[in-house]
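Below is one structure, written out as structure tokens; the observations come after it.
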Amino acid sequence: MALFSFGKKKSVQPAQSAPGSPMEQFMVMRQRGMDNNSIIQELERQGYNSSQIFDAMNQMNISGANMGMEQPQEYGMPQQDFSYPQPYPQQRFEQSQEERRESMGKEEIEELAESIIDEKWKEFEEDVKKIIDWKDKTEARINQMAQQINDLAASLNSLHKNIINKVSDYDRNLTDVGTEIKAMEKVFQKVLPSLTENVNKLERLSKGSRPLKK
Numbered sequence: 010m011a012l013f014s015f016g017k018k019k020s021v022q023p024a025q026s027a028p029g030s031p032m033e034q035f036m037v038m039r040q041r042g043m044d045n046n047s048i049i050q051e052l053e054r055q056g057y058n059s060s061q062i063f064d065a066m067n068q069m070n071i072s073g074a075n076m077g078m079e080q081p082q083e084y085g086m087p088q089q090d091f092s093y094p095q096p097y098p099q100q101r102f103e104q105s106q107e108e109r110r111e112s113m114g115k116e117e118i119e120e121l122a123e124s125i126i127d128e129k130w131k132e133f134e135e136d137v138k139k140i141i142d143w144k145d146k147t148e149a150r151i152n153q154m155a156q157q158i159n160d161l162a163a164s165l166n167s168l169h170k171n172i173i174n175k176v177s178d179y180d181r182n183l184t185d186v187g188t189e190i191k192a193m194e195k196v197f198q199k200v201l202p203s204l205t206e207n208v209n210k211l212e213r214l215s216k217g218s219r220p221l222k223k
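Each step along the sequence shown adds one to the number in the working numbering, with nothing skipped, and position 89 is 98.
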């Protein structure tokens, strides 16, 4: 067992975090007896992200390991070193404490990793949900535009048919008028000579019936 003097320099303690930091909150809740899951959930509820919580937990683990490795300091008169051999059960006890600290550190890291994975998975699900919503809205708009295009095409087809029908009717009417004009022309061709002859006869008769001048 080594001698400890009164004037021996103290080991450097880890720097304390500023009030309101994740590490200070972690220490306070750990002193209250809360487990790691409850602490992580409480810190997340307070608005700290996973990186801040992970750093605070690492600092707590490092701080706990340094405090466990420090030897207790004795003040007062120097004591004589009797150089008694350390008992074997004490060594086993220290080893079990170290293993327990390592196990607790692994459990804390696993819990924090699970918390980070859950957080990232929730963010991923939210992103996927947003993509699905955007896809549904886009498909709805595309279907609406396709329906409008189909309606417009149907209207254009109907208008085209109506125009074709009107043109056909107009052409048919013109054809009928032309036919009637040709028929009238033929009639006039037949009637006109006799009509002209009759007019000439009337003119001759009118001349022959005039009284003689004295």
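Quick reminder that beta carbons are idealized off the backbone N, C-alpha and C, glycines included.
Check your understanding: So which of 205, 210, 50 has the shortest CA-CA distance to residue 121?
Key -> 50
Review point. Would you call the region 32-40 and the region 50-61 touching, i.e. three or more CB-CB distances under 8 Å?
Key: yes
Point to revise | Contact check, residue 128 vs residue 30, beta carbons under 7 Å | key: no
Review point. Among the residues of its own chain, which have a CB less than 8 Å from the CB of residue 47, if the five just before and after it don't count?
Key: 38
Exercise for review: For residue 64, I'd like the list of residues in its chain whose CB is within less than 6 Å of its CB, leaving aside the five on either flank, ordered along the chain.
Suggested key: none
Review point. So what's residue 44 in DSSP terms, helix, strand or just coil?
Key: coil
Review point. Using a C-beta cutoff of 7 Å, does residue 164 count as contacting chain B?
Key: Annotation note: the requested chain B is absent from the structure, which comprises a single protein chain.
Check your understanding: Around the C-beta of residue 62, are 16 or more other C-beta atoms found within 10 angstroms, so that it is buried, or is it exposed?
Key -> buried
**Study point:** Chain-order list of residues whose beta-carbon lies under 6 Å from that of residue 193 (same chain, five-residue window excluded)
**Key:** none
**Study point:** Supposed contact pair residue 117 and residue 66 - C-beta distance, whole angstroms, cut 8 Å
**Key:** Right, the Cβ-Cβ distance comes to about 5 Å (below 8 Å), so this counts as a contact.
Check your understanding: If you count every other CB in all the chains shown that lies within 10 Å of the CB of residue 124, and 16 or more means buried, which is it?
Key -> With 16 or more other Cβ atoms within 10 Å, it is buried.
Practice item. Specify the secondary structure class of residue 156 as computed by DSSP and reduced to three states. Key: helix
Exercise for review: State the Cα-Cα distance for the pair residue 171 and residue 185, rounded to the nearest angstrom.
Suggested key: CA-to-CA, the gap between residue 171 and residue 185 works out to about 21 Å.
**Study point:** Coil, strand or helix - residue 179 by DSSP
**Key:** In the structure shown, residue 179 sits in a helix (DSSP, three-state: H, G or I).
Check your understanding: Buried or exposed: where does residue 45 fall if 16 or more other Cβ atoms within 10 Å of its Cβ makes it buried?
Key -> buried
Check your understanding: For residue 69, is the classification buried or exposed, using 16 other Cβ atoms within 10 angstroms of its Cβ as the cut-off for buried?
Key -> buried
Check your understanding: Hey, how far is the Cα of residue 1 from the Cα of residue 153?
Key -> The structure shown does not extend to residue 1, since the chain is modelled only from 10 through 223, so no value can be given for it.
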